[in-house]
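What follows is a single structure, written as structure tokens, with notes after it.
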Amino acid sequence: MTIHMDIDNSSLYMARGLTKVNIQNYSAAIEDFNKAIKLNPKHADLYLYRAVAKSGLKDYESAINDCNYAIELNQFNARAFVRRGLIYYEQEQYKKAIKNYNLALKLDSKDAYTYYVRALSKYKLDDIEGTLADYSKVIELNKYNALAYYNRAMLFAQLGNTNKAITDLSMVSEINPDHILTHYNRGQMRMEQSNYRDAIDDFSKAIKIYPEFGEAYYMRAMANRKIGNLRSAQNDYQIAEKKLNKQNSDSSNMAFSEVKYRKVIELEANFNNNFIGDDKIYSVFSGIDPLPDFFIVLQCTSETINNKNLRGISDVTKRIPAPLVLNIKQTDTVSDYKLLTNTVDSIWGNSNKDDIYWFLNGIIELDKMNFNLSLEAFSNAIKINEGFAVAYYNRAYTRLKMIDFINSIDQDMHISVDGKKKQLKTKTEATNDYTEILADYNKALELKPDYAIIYFNRANLKIRAKNYNGALFDYNRAIKLEPEFAEAFYNKALVHIYLKEFDLACSALSKAGEFGLKQAYVVIKRYCGK
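Residue numbers for the sequence shown follow numbering that gives the first Met the number 0, so the first one is 0 and each next one is one higher.
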């Protein structure tokens, strides 16, 4: 990735450095952070980002020095103390880590993440009472934090308090119903209480999530045997034997079969939405994620793409040369960047690069997370064709993804089930400015006022900016254009919930469910069941 824009802009080097941290290319990241620091030597967070990269190379002494200098620049930055604590944690210097977390909490006593990482350090020092207190504080600050409930449940189980452990695991199950170890562990605990039928239900849920889970078949067989279901027990024993033998002979399955199931772990999910930043769309909604933005992707296929959202951009899709096609999605997918790039280049060759070429190039670079190149490409498309609505639309989405990426860098340590550090990231202190993004969405709507998904994305942006009435206005506009727009009904409902307008929320959720959005019923159960 090459920076083609303002070479004197430290934020561009910072963004590229963060990208390299994300792919664990720490040496290259340090080079970019060095350039950014040279241009902006008083930007405290740049030293913290460089500390992350240095700790990735196990250059801990230099990483600590960077944290120290960041603290000199801003002694009230709680994140600097947290970062220094994490580096000490990585070196197994748990007392020093706790000391830094304590300093951070003096500056920000409401940061759930700091309590969480302090709990990890206390656990390493066998301070079980202190660990429990910190997990409880995390839950007090964020009552839908599955991680804290899960880890507290494992501690309760270690202390022999099975009832409290089951209660916490039940909360995890409600928040994250697809977490396999929650069901498996709760099933084992229910076995200990001779609650065999509920245990069977838990083991069955674990098996549904992971059909190769031999241990779950074995435990379900034991539970069935206890209640006299001998035929079911025998069937499960046979399946368990086959799957466990397969695991033992297949090294690729060993990692899961060797899991110590009752271990304090971190779930495969973000620790805490609020820690990522107030800009995160879902941070205001008590752990329920609003549905994400729609974005345009490029595919190379001979198949016909049936997507109702493409109808609104037929003026663009008909200009896309085969075998390239556009699609519209809400979730990231893995693309064959080389194939797409080669196809685009082969079609245009040495001919003049028109607006469609730059538009497709922008999509490819966005998919590769080369945000600066993507922005430049969309801007080139707009220079050639000022009426190119979806170029404005995708440029807005790219700007937002760049902000999200920088802000997500501080999803710090992910602890794997074997207790080892998985990866280390950091967080931006940048103030999020949505002015340019909003301007692009406004321009796109000026050019395409009947395109519902632009209103949907702009509504999501207004939630980030805490303009909740504005968000409701845009969701309603989207629904007026597409009366069966389930995603708009769903997100609209979450705004109503936040505003404590539960009757309106439940009505919108009902519509979302009616139009095929199954997760709406989960929220209905929580807020509309009374």
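Glycine residues also receive a C-beta, built at the ideal position from the N, C-alpha and C atoms.
Please read all numbers here as calculations on a predicted model, not as lab measurements.
For my contact list, Thr-397 and Phe-358 are in at a C-beta cut-off of 8 Å; report their separation, rounded to the angstrom.
Taking the sequence shown and counting its residues from 1, the one referred to as residue 397 is at position 398. Taking the sequence shown and counting its residues from 1, the one referred to as residue 358 is at position 359. For Thr-397 against Phe-358, the beta-carbon gap comes to about 12 Å, at or over 8 Å, which does not count as contact.
Whole-angstrom distance between Ala-321 and Glu-302, CA atom to CA atom:
Numbered from its first residue, the sequence shown carries residue 302 at position 303. Numbered from its first residue, the sequence shown carries residue 321 at position 322. For Glu-302 and Ala-321, the gap between their C-alpha atoms comes out near 10 Å.
Any idea what DSSP makes of Met-0, helix, strand or coil?
Counting from one through the sequence shown, the residue named residue 0 turns up at place 1. The predicted position of Met-0 is uncertain, since its pLDDT is 40 and thus under 50; a value taken from the coordinates is nonetheless stated next. Note: Met-0 maps to coil in three-state DSSP.
Expressed to the nearest angstrom, what Euclidean distance is found between the alpha-carbon atoms of Gly-286 and Tyr-149?
Indexing the sequence shown from 1 puts residue 286 at position 287. Indexing the sequence shown from 1 puts residue 149 at position 150. With a pLDDT of 49 at Gly-286, under the threshold of 50, the predicted position of this residue should be treated as unreliable, though the coordinate-derived value follows. Approximately 15 Å between the Cα atoms of the pair.
Pick out whichever of Lys-225, Gln-237, Tyr-392, Tyr-216 has its Cα sitting closest to the Cα of Val-296.
Taking the first residue of the sequence shown as position 1, residue 296 is located at position 297. Comparing alpha carbon positions, the residue from Lys-225, Gln-237, Tyr-392, Tyr-216 closest to Val-296 is Tyr-392.
Please report the straight-line C-alpha distance between Tyr-216 and Ile-206, rounded to a whole angstrom.
In the sequence shown, counting from the first residue as 1, residue 216 sits at position 217. In the sequence shown, counting from the first residue as 1, residue 206 sits at position 207. Straight-line spacing of the CA atoms in Tyr-216 and Ile-206 works out to 7 Å.
Do Ile-496 and Tyr-526 have their C-beta atoms within less than 9 Å of each other?
Stepping through the sequence shown from its first residue, residue 496 is reached at position 497. Stepping through the sequence shown from its first residue, residue 526 is reached at position 527. Less than 9 Å separates the beta-carbon of Ile-496 from that of Tyr-526.
Taking the alpha carbon of Leu-180 as the reference point, which residue from Lys-163, Lys-204, Thr-166 has its own alpha carbon closest?
As a position in the sequence shown, residue 180 is number 181, starting the count at 1. Looking at the Cα atoms, Lys-204 is the closest of the given residues.
Three-way DSSP call (helix, strand, coil) for Gln-157 in this model:
If you number the sequence shown from 1, residue 157 lands on position 158. The answer is helix: DSSP assigns Gln-157 an H, G or I state.
Excluding sequence positions up to five away, which residues of its chain have a Cβ less than 7 Å from the Cβ of Leu-45?
Within the sequence shown, residue 45 is the residue found at index 46, counting from 1. Met-13, Phe-32, Ala-35, Ile-36, Asn-39, listed in sequence order.
Residue range of the unbroken beta strand (DSSP E) whose run includes Asn-308
Within the sequence shown, residue 308 is the residue found at index 309, counting from 1. Looking at the DSSP string, Asn-308 is not in any beta strand (DSSP E), and its letter there is neither H nor E.
Return the residue from the list Tyr-440, Glu-445, Leu-446 that minimises the CA-CA distance to Ala-455.
Position 456 of the sequence shown, counting from 1, holds the residue named residue 455. Looking at the sequence itself, residue 455 is Phe, so the reference to Ala does not match. Closest option to Phe-455, Cα to Cα, is Tyr-440.
Kindly indicate which residue of Glu-214, Lys-95, Met-401 has the alpha-carbon position closest to the one of Glu-435.
The sequence position of residue 435 within the sequence shown is 436, counting from 1. Ranking the options by Cα distance to Glu-435, first place goes to Met-401.
Does the Cβ-Cβ distance between Asp-197 and Tyr-183 come in under 9 Å?
If you number the sequence shown from 1, residue 197 lands on position 198. If you number the sequence shown from 1, residue 183 lands on position 184. Contact annotation: Asp-197 and Tyr-183 have beta-carbon atoms that are not nearer than 9 Å.
Quick check on DSSP: helix, strand or coil for Ile-22?
For the purposes of this step, residue 22 is taken as the residue at position 23 of the sequence shown. Ile-22: coil per DSSP, three-state reduction.
Give the DSSP-derived three-state secondary structure of Asn-326 in the structure shown.
The sequence position of residue 326 within the sequence shown is 327, counting from 1. Looking at Asn-326 - three-state DSSP - the assignment turns out to be strand.
C-alpha gap between Lys-225 and Ile-208, whole angstroms
Residue mapping note: residue 225 aligns to position 226 of the sequence shown, counting from 1. Residue mapping note: residue 208 aligns to position 209 of the sequence shown, counting from 1. When the Cα atoms are used, Lys-225 and Ile-208 turn out to be separated by approximately 24 Å.
If we call anything under 9 Å between Cβ atoms a contact, is Tyr-59 one with Gly-16?
If you number the sequence shown from 1, residue 59 lands on position 60. If you number the sequence shown from 1, residue 16 lands on position 17. Cβ atoms of Tyr-59 and Gly-16: not closer than 9 Å.
Quick check: the Cα distance between Leu-131 and Glu-385, rounded to an integer number of angstroms?
Walking along the sequence shown from the start, residue 131 turns up at place 132. Walking along the sequence shown from the start, residue 385 turns up at place 386. Near 58 Å, if we compare the C-alpha coordinates of Glu-385 and Leu-131.
Helix, strand or coil, according to DSSP, for Ile-295 in the structure here?
To locate residue 295, count along the sequence shown from 1; it is residue 296. In the structure shown, Ile-295 sits in a strand (DSSP, three-state: E or B).
Cβ neighbours of Ile-312 in the same chain (closer than 6 Å, five flanking residues each side left out):
The residue labelled residue 312 in the question sits at position 313 within the sequence shown. These residues qualify, in order along the chain: Val-389.
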